[in-house]
Amino acid sequence: MASPFADAISDMDRRLPDAWKGKMIRYGSLESSLEKCAITRRPTVEQEFFSKFWAEVEKVNEQFKAAGQEVVQAHRRRSNWLTAVWGTNKMRLPDGKVVVGSEENIRLHSSVCLEYARRNAEGIKRIAEAHDEACGNDAGKIVYDSMWRDQSGLATFLHSPLLLELEAVKMASVDGAEEGGAPSGAAEPGDPDGGDPQDGEGEGGDDGEAPNHRRTLSEPTRSMQLMSDVEESQKCPICLDLLYKPVGLGCGHKFCQTCLFKAVIPGVAFGSLAGLLNIVPSWAQCPQCRQTGVFEGAAYLHALAGYLRRKFPQYWRERRQEEKREDRNARALILKQLEAKYGGLGISYPQLILYG
1 MASPFADAIS DMDRRLPDAW KGKMIRYGSL ESSLEKCAIT RRPTVEQEFF SKFWAEVEKV
61 NEQFKAAGQE VVQAHRRRSN WLTAVWGTNK MRLPDGKVVV GSEENIRLHS SVCLEYARRN
121 AEGIKRIAEA HDEACGNDAG KIVYDSMWRD QSGLATFLHS PLLLELEAVK MASVDGAEEG
181 GAPSGAAEPG DPDGGDPQDG EGEGGDDGEA PNHRRTLSEP TRSMQLMSDV EESQKCPICL
241 DLLYKPVGLG CGHKFCQTCL FKAVIPGVAF GSLAGLLNIV PSWAQCPQCR QTGVFEGAAY
301 LHALAGYLRR KFPQYWRERR QEEKREDRNA RALILKQLEA KYGGLGISYP QLILYG
């Protein structure tokens, strides 16, 4: 007889949109294999169980990755003002059908993706625990723990930047529905990336205007402005402030780009994400969970950056101006050190940059 959780999985599968039906983990089938393991206690039978187990994990993972990436890309395309105007956005569903990437469809399928990942992750954990109880060993726990350390992309539905992006897409879609206006995150002409560029957002403020350094007593400071509005999940665990230019690691933790690289590469914090990732040492750890190898799956969280930038525009401008000042000061210090070292050799500034 199937367990209550197997019934719950089957019930969820029935309630999913048509495009998702039949995609859940086959929990009942894995339970049947476990019963055989418990009765025979043969290594070959246990190996058969784990073969089925990994096949289910791979199926769920590929399904989640494909669907999740479609949703995130549809959200980013919809955030482009040309797409919003001409309505050219399309999204491929898990059953292969192509639908319009409307706000409603993006909101629906981002929620389904997240629930799909959560319920299947719970199923994987439960079946691993059931294995150890039935077979009297800890092979299930070892396998499950290894999935949390895996950085090959096999466990994207457990931990990945994609999960973080889907959360941001869901938040943006819900906010857009509540506001009842233009597409969530729709950019203006001249802002082709939907307002969440990774690097180099133009001089001055985020909108290209010159920075305004005047502040009246009635204006709230950055921390005062955010005190009651920012959720814990939107804060950087290093600076404890709102995430700015958020980067997600393979382990599923996220940080401000500058905070992250200041923590793992002392003295180096500015530059493009790709450039910084190229110089991260192989032994670098996540500042939060201390896991190594997580920078291989690091990604800039475009959807989250766009959402936070739109929700907290004043903070985003202030933080950007702070980083620009820090960057200028750091470059000036480096130049001063180089000139002190090479100045007496008759080497020009361009030569310092090229050969220094």
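Using full-length UniProt numbering, the first residue of the sequence shown is number 1, and each one after it goes up by one. We put the beta carbon where it would ideally sit given N, CA and C, even for glycine. All values reported here derive from a predicted model rather than from experimental measurement.
Counting along the chain, the unbroken beta strand (DSSP E) around Met91 starts and ends at 90-92. In the three-state scheme derived from DSSP, where H, G and I count as helix and E and B as strand, Gln291 is classed as coil.
DSSP places Gly123 inside the alpha helix (DSSP H), whose first and last residues are 103-135.
If you draw a straight line from the Cα of Pro313 to the Cα of Ala284, it is about 32 Å long. Lys235 has Leu242 as its beta-bridge partners, per DSSP. If you draw a 10 Å sphere on the C-beta of Trp20, you find 16 or more other C-beta atoms in it, and that means buried. Rounded to the nearest angstrom, the gap between the Cα atoms of Ile142 and His131 is 11 Å.
Our two residues, Glu46 and Met147, have alpha carbons roughly 19 Å apart in a direct line. Around the beta-carbon of Ile279, fewer than 16 other beta-carbon atoms lie within 10 Å, marking it exposed.
Between Gly297 and Leu249, the gap from beta carbon to beta carbon is short of 8 Å. Around Thr40, the same chain offers no residue with a beta carbon nearer than 8 Å, after the five sequence neighbours per side are excluded.
By the Cβ test, the region 116-131 is in contact with the region 28-43, since at least three Cβ pairs between them sit closer than 8 Å. Residue pairing by DSSP places Lys254 opposite Gly248 in a beta bridge.
According to DSSP, Ala303 shares a beta bridge with no other residue. Taken atom to atom, the span from the alpha-carbon of Ser160 to that of Glu323 is near 27 Å.
At a Cβ-Cβ threshold of 8 Å, Cys113 and Cys37 do not count as neighbours. Rounded to whole angstroms, Val247 and Leu158 show a C-alpha spacing of 17 Å. Taking a C-beta distance under 8 Å as the contact criterion, Ile265 and Asn120 do not qualify as a contact pair. Assignment of Gln285 by DSSP, reduced to helix, strand and coil, places it in the strand class. In the structure shown, Val230 falls within a coil segment according to DSSP collapsed to helix, strand and coil. For Val60, the secondary structure class from DSSP, reduced to helix, strand or coil, is helix. Taken through DSSP and simplified to helix, strand or coil, Val280 comes out as coil. For a cut-off of 8 Å, the C-beta gap from Gln234 to Leu308 is around 6 Å, short enough to register as a contact. With 16 or more other Cβ atoms inside 10 Å of its own Cβ, Val60 counts as buried.
Check the Cα spacing between Gly140 and each of Pro17, Cys236, Phe49: the tightest is with Phe49. Put simply, of Ala66, Val57, Gln73 the residue whose alpha carbon is nearest the alpha carbon of Tyr144 is Val57.
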